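Report on the structure given below.
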Ligand SMILES: [Ca+2]
Ligand SMILES: [Ca+2]
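If you want it as structure tokens, here you go:
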């Protein structure tokens, strides 16, 4: 299928004032930034870079990491919607599965750190210990709950709790993007794919099917599917032409491979990744002061490092403000990565990354 039919199939409601829902989200106006630079005022459809989504890229992309997770609880519809409103080119849902085979958005399949499940007496007997990626994890797992049960939970956690935040399904995220009115891409991550395979809850087929139902097919679609594992990306490469991204941790091994991540980033390792993926998502520390961007580009791989956060503790010392918990100069950090040639960034504060990207493009000869 071509991009024209995708556009008409997927982005067919530009007249809908869909982003009003952000302004109406209870509690959103209570979001405050403790200190540091004030983020720019955002207006709906603020990004001049909407054309960066899909097709040949004219500049680096901004990926709203777990939504605008620097401002709202990660992986909630409100967080994704805020990322869209702030001009993110892509939003990033992490995907796990329920017992009744529904893809939902959570960073972990163990949900006691991001929901109130541990305080719910009716679910006390679901607490268990399970081997996840080779390590014992104790808690409550999405694969033991139906969607209806998970929907009854409150999403908790920094930076902003609220009773209005619920676990979102992937279908709800697709609905959000459909009604947005400008091109916003999706950058879904398969979480713990080997673990879910062992449970008979394979993630990849329902993911590709859900995307196909919305008209997302082929390498021009505004989609990147990402994984820290290797085997499921190779399987995906057999069943879809959607673009795939190999995530790379700072150290260690993929859960399903004896080849360390460090080896993946050598020229030979990158050549192997290029046989099944279209890009890499390295830890940002692997990019600075190395030839990784050039080496990856020479294999035809895009480079989308993670994670860019504005809190001072995550910034280089020279970009920090005086308040340890305040926000520092993320814009300068992001811009330095664009100048180093990266093709996109995962950012918890999409507004600041978009501003850095737009200034970078304006300054470019
Ligand atoms: Ca992720
Ligand atoms: Ca699978």
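Residue numbers (the numbering used here): 35 to 399. Built from N, CA and C at the ideal position, the CB exists for glycine as well. Note that the coordinates shown come from a computational prediction; the quantities given were computed from them, not determined experimentally.
So, helix, strand or coil for residue 68, using DSSP?
Note on residue 68: pLDDT 35, under 50, position unreliable in the model; no value is reported.
C-beta contact flag for residue 295 and residue 279 at 7 Å
At a Cβ-Cβ threshold of 7 Å, residue 295 and residue 279 do not count as neighbours.
Consider the C-beta atom of residue 223 and the heavy atoms of ligand 1; say whether any pair is separated by less than 6 Å.
yes
For residue 191, the three-state DSSP class (helix, strand or coil)
coil
Please go through the same chain and pick out, in chain order, the residues whose beta-carbon is closer than 6 Å to the beta-carbon of residue 363, but skip the five residues on each side of it.
Excluding residues within five positions, the ones whose Cβ falls inside 6 Å are 353.
Using three-state DSSP, classify residue 100 as helix, strand or coil.
coil
Indicate, with yes or no, if ligand 1 has a heavy atom lying under 6 Å from the CB of residue 128.
yes
Would the beta-carbon of residue 290 be found less than 6 Å away from any heavy atom of ligand 2?
Result no, Cβ not under 6 Å from ligand 2.
How would you label residue 397, buried or exposed, when you count the other beta carbons within 10 angstroms and need 16 or more for buried?
exposed
What does the alpha-carbon distance come out to for the pair residue 288 and residue 261?
9 Å
Quick one: what does DSSP say residue 151 is sitting in, helix, strand or coil?
helix
Of the choices 298, 236 and 291, whose alpha-carbon is the least far from that of residue 270?
236
When DSSP builds the beta bridges, which residues end up paired with residue 171?
Bridge partners of residue 171: 164.
Could you give the uninterrupted runs of the alpha helix (DSSP H) lying entirely in the segment 242-282, keeping only those of 4 residues or more?
265-273
Would you call the segment 196-206 and the segment 127-138 in contact, with 3 or more CB pairs under 8 Å?
Contact between the segment 196-206 and the segment 127-138 is present: 3 or more CB-CB pairs across the two stretches fall below 8 Å.
Let's test the definition: count the other Cβ atoms within 10 Å of the Cβ of residue 108 and tell me whether it reaches 16, buried, or not, exposed.
buried
For the putative contact between residue 337 and residue 313, defined by C-beta atoms under 8 Å, what is the C-beta separation to the nearest angstrom?
7 Å
Can you find the residues in the same chain that come closer than 8 Å, C-beta to C-beta, to residue 331, ignoring five residues on each side of it along the sequence?
337 and 375
Residue 238: beta carbon under 6 Å from a heavy atom of ligand 2?
yes
Same chain, Cβ closer than 8 Å to residue 307, neighbours up to 5 away in sequence not counted:
280, 298, 314, 333 and 335
Considering only residues of the same chain and omitting the five flanking positions on each side of residue 186, which have a CB-CB separation below 6 Å?
none
Would you mind working out which of 184, 372, 165 and 386 sits nearest residue 345, comparing C-alpha positions?
386
Measure the C-alpha to C-alpha separation of residue 215 and residue 209 and round it to an integer number of angstroms.
Each residue's Cα considered, the two are about 11 Å apart.
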